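Residue numbers (my numbering): 18 to 321. Idealized CB from N, CA, C, for every residue including glycine. Note that the structure is predicted; figures quoted are calculated from it, not measured.
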Amino acid sequence: MINQCRNKTAFVKNVSSNQTKIMNRTFITTLLFFVAMQLSAQDMPEVRPEVLPPPPAGRLEITYIANSGFLLSSGTTRVLIDALYFDGDIWESPSKKIQKAIVSGDTPFRNITHMLASHYHADHFDAALTSRFLINNPGAMLITNAQTDSVLQKVYRQDPELKRPKQTKIIQTPMFGSETYESGDLKVKCLMQRHMGKDDFKVMSMGFLVEMGGKKVLHIGDAGWTDENFAGYNLQDENIDIAFIHYWFLLDCEGRRILDTQVKPKKIVVTHIPYDELRRNYKRIKEYYPDVEVFLNHLDKKIY
Ligand SMILES: [Zn+2]
Numbered sequence: 018m019i020n021q022c023r024n025k026t027a028f029v030k031n032v033s034s035n036q037t038k039i040m041n042r043t044f045i046t047t048l049l050f051f052v053a054m055q056l057s058a059q060d061m062p063e064v065r066p067e068v069l070p071p072p073p074a075g076r077l078e079i080t081y082i083a084n085s086g087f088l089l090s091s092g093t094t095r096v097l098i099d100a101l102y103f104d105g106d107i108w109e110s111p112s113k114k115i116q117k118a119i120v121s122g123d124t125p126f127r128n129i130t131h132m133l134a135s136h137y138h139a140d141h142f143d144a145a146l147t148s149r150f151l152i153n154n155p156g157a158m159l160i161t162n163a164q165t166d167s168v169l170q171k172v173y174r175q176d177p178e179l180k181r182p183k184q185t186k187i188i189q190t191p192m193f194g195s196e197t198y199e200s201g202d203l204k205v206k207c208l209m210q211r212h213m214g215k216d217d218f219k220v221m222s223m224g225f226l227v228e229m230g231g232k233k234v235l236h237i238g239d240a241g242w243t244d245e246n247f248a249g250y251n252l253q254d255e256n257i258d259i260a261f262i263h264y265w266f267l268l269d270c271e272g273r274r275i276l277d278t279q280v281k282p283k284k285i286v287v288t289h290i291p292y293d294e295l296r297r298n299y300k301r302i303k304e305y306y307p308d309v310e311v312f313l314n315h316l317d318k319k320i321y
């Protein structure tokens, strides 16, 4: 922009100089000089502040932690989802170094404002680490459901000093209900959904429809691909920018039907990836969703 302005001014000045030689009359010279000065003045931002471009549109930075865990950052709003746990067994887990940095609030996890936990399974959540995180990060708020909180309560019974009631928002809505939390620039609609698979029929996995940085982001935890889990929320009308959808959802034709008719996101990020299988099945997912995104390395970042 500065170069353009400089070239434009130089061009006008050259025209003025040539015209002066040809015409050799003071009236024309004065007129062109006046026009040149006017154009130069128009290029100066302090003279015409109203022609400056508008501020950039919403910017959202997404950092991959592990498995279904991500950090969403926009301005001072910094939200961790399913990102702090000890050992996800066969699933990807945050390294000890990342766990420690989150718990301590060290770089790159300074000033986390919210921690969202979809459900209590060990590849999404750890009660002991989370309670220590809340103590070390007094400005952070945990949002989760009552089932997950019941696991936290066991930690508190062993050490009541760990309790931080003002830093916890427990969503009490029954299965398939919803409740919305708002704070500053952040809005989170919590969707109470049933966990996938018969073995986890009683597990409440909470979906999060997060609005921040001018974007709408859906994270479905480990929700099953059933109509009862999605039909009541009208997510297809929400104009969702990015949906974090777990691997099995995308490989199942029922999951894809629900995604295409009841969620309709502009972009899909795959979560909960079994990385050995990914090499076999990633191309299959790409056939259905060519623009699907995958984060392959912990702490990889993308800007949306
Ligand atoms: Zn689970």
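Residue nearest to residue i in terms of C-alpha spacing, selected from the options
i      : options                           : result
Asn314 : Leu77, Arg76, Ser110 and Ile98    : Ser110
Arg76  : Asp202, Tyr102, Ile285 and Ala240 : Asp202
Tyr292 : Ser85, Thr80 and Ile79            : Ser85
Val286 : Lys319, Gln164 and Phe103         : Lys319
Asp216 : Asn256, Asp239, Arg95 and Phe225  : Asp239
Phe142 : Leu169, Asn298 and Lys281         : Leu169
Ile160 : Ala134, Leu179 and Ala145         : Ala134
Gly214 : Cys207, Tyr198 and Phe266         : Phe266
Ser90  : Thr130, Ser121, Gly122 and Asp106 : Thr130
Leu299 : Tyr137, Tyr264 and Asp166         : It should be pointed out that residue 299 corresponds to Tyr in this sequence rather than to Leu. Among Tyr137, Tyr264 and Asp166, the Cα nearest to that of Tyr299 belongs to Tyr264.
Lys219 : Ser148, Ser112, His136 and Glu310 : His136
Asp244 : Asp258, Val280 and Glu255         : Val280
Ser167 : Leu295, Gly194 and His138         : His138
Pro307 : Lys283, His289 and Val205         : Lys283
Leu179 : Ser222, Arg149 and Leu276         : Arg149
Asp123 : Ile98, Asp140, Asn154 and Ala144  : Asn154
Ser200 : Glu78, Val96, Val311 and Ile79    : Val96
Pro182 : Ile152, Gln210 and Ile98          : Ile152
Trp108 : Asp140, Thr93 and Arg127          : Asp140
Residue i: CB within 6 Å of a non-hydrogen atom of ligand 1
i      : result
His138 : yes
Asp239 : yes
Helix, strand or coil at residue i according to DSSP, with G and I counted as helix
i      : result
Leu49  : At Leu49 the pLDDT is 41, less than 50, meaning the model places this residue with poor confidence and gives no usable figure here.
Thr130 : coil
Arg2   : Because the chain is modelled from 18 through 321, residue 2 falls outside the range shown and cannot be assessed.
Tyr137 : coil
Lys318 : strand
Asn251 : coil
Gln189 : coil
Val68  : Below a pLDDT of 50, predicted positions are generally treated as unreliable, and Val68, at 47, falls in that range; no measurement from the model is reported.
Glu10  : With the chain covering only 18 through 321, there is no way to say anything about residue 10.
Arg42  : Residue confidence for Arg42 is low, a pLDDT of 45 falling below 50, so the modelled location carries little weight; the figure read from the coordinates is stated next. Residue state, collapsed to three classes: coil.
Phe103 : coil
Glu109 : coil
Arg16  : What the structure shows of the chain is the stretch from 18 to 321, and residue 16 is not part of that stretch, so it cannot be assessed.
Phe218 : coil
Phe142 : coil
Ile325 : Any property of residue 325 remains undetermined from this structure, which presents the chain solely from 18 to 321.
Gly86  : strand
Lys206 : strand
Lys281 : coil
Ile237 : coil
Phe114 : Looking at the sequence provided, one finds Lys at residue 114 rather than Phe. If DSSP states are grouped into helix, strand and coil, Lys114 belongs with the helices.
Asn154 : coil
Gly231 : coil
Arg95  : strand
heavy atom of ligand 2 below 6 Å from residue i C-beta
i      : result
Asn256 : Ligand 2 is not part of the structure shown, which contains ligand 1 as its ligands.
contact_flag[the region 247 to 259, the region 110 to 130] where n(CB pairs < 8 Å) is 3 or more: no
For the structure I just gave you, are there three or more beta carbon pairs, one from the region 92 to 106 and one from the region 171 to 179, closer than 8 Å? no
May I ask you to verify whether the region 268 to 279 touches the region 224 to 233, counting CB pairs closer than 8 Å and requiring at least 3? no
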